[in-house]
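A.B. asks: Note that the working numbering has the sequence shown beginning at 882, numbered continuously upward. The beta carbon of each residue, even a glycine, is placed where N, CA and C say it ideally should be.
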Amino acid sequence: MKATFQTTWQNLWKQHHRTKDLLNIFSYKKDVDKAAKKREQDSPDTANAPGNDGNEDEKKPNKPYSRAQLIGLLLGPTLFLLTYLFFEPPGLEQNGIAVLAVTLWIATWWVTEALPIPATSLLPLILLPITGAMEGGDVASAYGDDIIFLFLGGFFIATAMEKWNLHKRIALFIIAVIGTSTNRILLGFMLATGFISMWVSNTAAVMMMIPMGLAITAQVASALKGKPEEKDFPKFEKSLIFGIGYAGTIGGVGTLIGTPPNIILAGQMREIFGIEISFATWMMFGVPLVIIMLAIAWLYLGRMAFRTSIKDLPGGREVIQEERHKLGKTSYEEWMVGMVFLLAAFLWITREFFWAGDDALIVQIPGISDGLIAVLAAVLLFSIPAVRAQGGRILSWADSRDIPWGVLLLFGGGLAIAQGFTSSGLSNWLGEQLTVLDGFHLFIIISSATLLIMMMTEITSNTATATMILPVVAALAVALDVHPFALMIPCAMAANMAFMLPVGTPPNAIMFGTGKLRIIEMVKTGFALNIVATIVIVLGVYFLVPLIWGVDLSVFPETLLD
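(1) Just reading off the alpha helix (DSSP H) that phenylalanine 1235 is part of, what are its end residues?
(2) Considering only DSSP beta bridges, list what arginine 1274 is partnered with.
(3) So is threonine 1415 buried or exposed if we call it buried at 16+ other beta carbons inside 10 Å?
(4) Measure how close the beta-carbons of leucine 1368 and valine 1354 come, nearest whole angstrom, since I'm counting them as under 8 Å.
(5) Provide the residue span of the alpha helix (DSSP H) that contains asparagine 1389, from first to last.
(6) Over the uninterrupted alpha helix (DSSP H) stretch that includes serine 1329, give me the two end residues.
(7) The alpha helix (DSSP H) that contains tyrosine 965, what's its start and end?
(8) Would you call the region 1150 to 1163 and the region 1065 to 1080 touching, i.e. three or more CB-CB distances under 8 Å?
(9) Should the region 1157 to 1173 be regarded as contacting the region 1187 to 1194, the criterion being three or more beta carbon pairs within less than 8 Å?
(10) With DSSP collapsed to three states, give me the class of aspartate 1027.
(11) Using the C-alpha atoms, what's the distance from asparagine 1046 back to aspartate 914?
(12) Please identify the residue among Thr1344, Gln1300, Gly1394 and Arg1274 whose C-alpha is closest to the C-alpha of glycine 1133.
(13) Taking alanine 1086 and threonine 1098 to be in contact with their CB atoms under 8 Å, please state how far apart those CB atoms are, rounded to whole angstroms.
(14) Residues in its own chain within less than 6 Å of aspartate 1362 by CB, not counting five upstream and five downstream?
(15) Can you tell which of Ser947, Ile1429 and Leu973 has its C-alpha closest to the C-alpha of asparagine 1309?
(16) Could you have a look at aspartate 1193 and say whether DSSP puts it in helix, strand or coil?
(17) Ignore the nearest five residues each way along the sequence and tell me which others in isoleucine 1059's own chain have a CB closer than 8 Å to its CB.
(18) Between the Cα of phenylalanine 1263 and those of Leu996, Val1020 and Ile1038, spot the shortest distance and give me the residue it belongs to.
(19) Can methionine 830 and valine 1422 be called in contact, C-beta distance under 9 Å?
(20) Once you ignore the five residues that flank aspartate 1027 on each side, which residues in its own chain have a CB closer than 6 Å to its CB?
(21) Who are the near neighbours of alanine 1102 in its chain, counting only those whose CB is closer than 7 Å to its CB and skipping five residues on each side?
(22) How is serine 1281 classed by DSSP in three states: helix, strand or coil?
(23) Can you grab the Cα-Cα spacing for the pair threonine 1348 / glycine 1135, in whole Å?
(24) At 4 residues or longer, what runs of the alpha helix (DSSP H) sit wholly inside the region 1147 to 1186?
(25) Pick helix, strand or coil for serine 1078, following the three-state DSSP scheme.
(26) Taking Cβ positions, are threonine 1012 and alanine 1186 nearer each other than 9 Å?
(27) Nearest CA to the CA of glutamine 1149: which residue from Pro1352, Ser1062 and Val1256?
(28) Could you tell me the alpha carbon to alpha carbon distance between leucine 996 and glutamine 950, rounded to whole angstroms?
(29) Grab me the residues of leucine 985's own chain with a C-beta within less than 8 Å of its C-beta, minus the 5 sequence neighbours each way, in chain order.
(30) Give the secondary structure of serine 1120 by DSSP, where H, G and I count as helix, E and B as strand, and everything else as coil.
(31) Per DSSP, what kind of secondary structure is serine 1305 in: helix, strand or coil?
(32) Under three-state DSSP, which class holds serine 1062?
(33) Would you say the region 989 to 1005 touches the region 1218 to 1232, given that touching needs at least three Cβ pairs under 8 Å?
(34) Rounded to the nearest angstrom, what separates proline 1266 and leucine 1276 at their Cα positions?
(35) Please report how far the alpha carbon of isoleucine 1138 lies from the alpha carbon of methionine 1042, in whole angstroms.
(36) Among Val1359, Leu1441 and Phe1366, which one has its Cα closest to the Cα of isoleucine 1418?
Dropping the structure here:
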């Protein structure tokens, strides 16, 4: 019994570390494996030192909790008891107090990592029913939400693309088509990274493109040695690194599966208000903003922040062609993955028009949803034989070990809490406490919410920020009598737009990890883009959302209260 418990506990911590490695959705298998190997090399007793992040306290063997984890372990239940037993604000019922107490406990353990993140994400299944805040079945249903399966299917598609190198082929093709002048190569890398990050993740896209970018800069450095343009080489190198990282961050907001805040927004919008945000409708809103942001970032980096006298890249085309030559001809497996990917993308984009509802233009498919399409794509990938893997298929179940299951539990826990916020009346009560913006113009309200989240996400996880703040701004929308889109959409997008600090997003951390950038350079360069992103988001929400969804942002629809 003791051995079984220890094995289970160690597996939970392994999943915890994987969740941290992949928290912004996904990363390369090799990078995850490297991280795991490094942890094993740093401390052979990693399983016995669960919080091992590189801190000295956490590297000591046979120590179950670091000091921070021990504080969090005790603080979480303490906050829960104090809130549940002694907090009695006017206007908030006991169910709402219970949900608030549970949220404080879970949030404390998430932040301090007192328990593995996936394990903490299971606490709503225990605490919400025990306190009487929600029925157990209602809590459990949040973990099986359609949004969870949309992400799961997206993970499997990304795994297949990475396994057979299709994503690298697509990226190199885009760069080769664009050209190899300094501005064009910067644009090519940004377009390739932005496009890839719409479908796999900003982390994976940037992790793939940075080595290719550095390969080109190395070639350029060699070719420019002893020439007058050599003094401008650091500017070009930095512009390329910044361009790749920023494009990964920007591209992720173009689709629902590109970054966690988008998928959290869709799930909580449906959970709280019953509003369905389809894959295609979000792309109609997100892609134009991505194009605008990429264009501005490209002009800013290439023409302003890092203007250089280098006009063409010596050997740039040769490097790209060499990388493409190494890939060889497109394999059968790549064709199959590409066809499944295009099928899924086509169904996602056309679902509302061709297949869903009584007004379906082609044929009505009962129950079709974005999650159903994603799972269908995953099943196809597990079904199609692979030529290069003898007796194997495009995906095998062994590939699923690299799926971040802990992230899915984190999303499920967030959706359960969001459901508790609504059903208990806590969200309405919080909204009433935040009515300081009442009476201001809608444009000011949207701008204030966007700026607030933009500042928060620079120092906190975008996933955690979106999970915790979206139910609050949903309640604020009710209290201020504005449409939920007016606050929830800009907050979700702002949660992803962190350009200044390495801790803001994984792409920022990857950029900083190249050793080519200083933090002060990231702050200076990213500050301007943060301002631009705020303006683009606010204008996009204010003008584009009413056109796409046909809603009046200045009025809260009474039908949503039913």
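C.D. replies: Taking the definition as stated:
(1) Following the DSSP letters along the chain, one finds phenylalanine 1235 in no alpha helix (DSSP H), marked with neither H nor E.
(2) Its beta-bridge partners are Pro1266.
(3) By the neighbour-count criterion, in which a residue is buried when 16 or more other Cβ atoms sit within 10 angstroms of its Cβ, threonine 1415 is buried.
(4) About 4 Å separates the CB atoms of leucine 1368 and valine 1354; that is less than 8 Å, so the two are in contact.
(5) Taken as a continuous stretch (DSSP letters only), the alpha helix (DSSP H) holding asparagine 1389 covers 1387 to 1394.
(6) Looking at the DSSP string, the run of the alpha helix (DSSP H) that includes serine 1329 is 1323 to 1338.
(7) Where tyrosine 965 is concerned, the enclosing alpha helix (DSSP H) stretches over 948 to 967.
(8) Counting Cβ pairs under 8 Å, fewer than three are found: no touch.
(9) They do not touch, by the three-pair rule.
(10) In this structure, aspartate 1027 counts as helix in the three-state DSSP scheme.
(11) Its pLDDT being 43, under 50, aspartate 914 is placed unreliably by the model, and the measurement read from it follows with that caveat. The straight-line gap separating the alpha-carbon atoms of aspartate 914 and asparagine 1046 is approximately 17 Å.
(12) The candidate whose alpha carbon is nearest that of glycine 1133 is Thr1344.
(13) Between threonine 1098 and alanine 1086 the Cβ distance is about 18 Å, and since that is not below 8 Å, they are no contact.
(14) Its chain contains Phe1437 as the residues whose beta carbon lies nearer than 6 Å to that of aspartate 1362, once the 5 sequence neighbours on both sides are disregarded; these appear in chain order.
(15) Here the closest residue by C-alpha is Leu973.
(16) Three-state DSSP puts aspartate 1193 in a strand.
(17) If we look at isoleucine 1059 and ignore the five residues flanking it on each side, its Cβ neighbours are Arg1065, Ile1066, Leu1068, Gly1069 and Leu1072.
(18) Minimum Cα distance to phenylalanine 1263 is reached at Ile1038.
(19) As shown, the chain starts at 882 and ends at 1443. That puts residue 830 outside it, with no answer to give.
(20) The answer, listed in chain order, is Ser1250 and Gly1252.
(21) In chain order, Phe1114 place their CB closer than 7 Å to the CB of alanine 1102, counting only its own chain and leaving out the 5 sequence neighbours on each side.
(22) Serine 1281 falls in the helix class under three-state DSSP.
(23) Roughly 19 Å between the two C-alpha positions.
(24) Annotation note: the region 1147 to 1186 contains the following uninterrupted alpha helix (DSSP H) runs of length 4 or greater, listed N- to C-terminal: 1160 to 1180.
(25) DSSP, read as helix, strand or coil, puts serine 1078 in helix.
(26) Not a contact, by the Cβ cut-off of 9 Å.
(27) Glutamine 1149 has its Cα closest to that of Pro1352, out of Pro1352, Ser1062 and Val1256.
(28) Distance from the CA of leucine 996 to the CA of glutamine 950, rounded to the nearest whole angstrom, comes to 8 Å.
(29) Taking leucine 985 as the centre and dropping the five residues before and after it, the same chain places the C-beta of Gly957, Leu960, Phe961 and Thr964 closer than 8 Å to its C-beta, in chain order.
(30) Serine 1120 falls in the helix class under three-state DSSP.
(31) Coil, per DSSP.
(32) Residue state, collapsed to three classes: strand.
(33) Too few Cβ pairs lie closer than 8 Å, so no.
(34) Near 9 Å, if we compare the C-alpha coordinates of leucine 1276 and proline 1266.
(35) For isoleucine 1138 and methionine 1042, the distance between alpha carbons rounds to 15 Å.
(36) It is Phe1366 whose Cα lies nearest to the Cα of isoleucine 1418.
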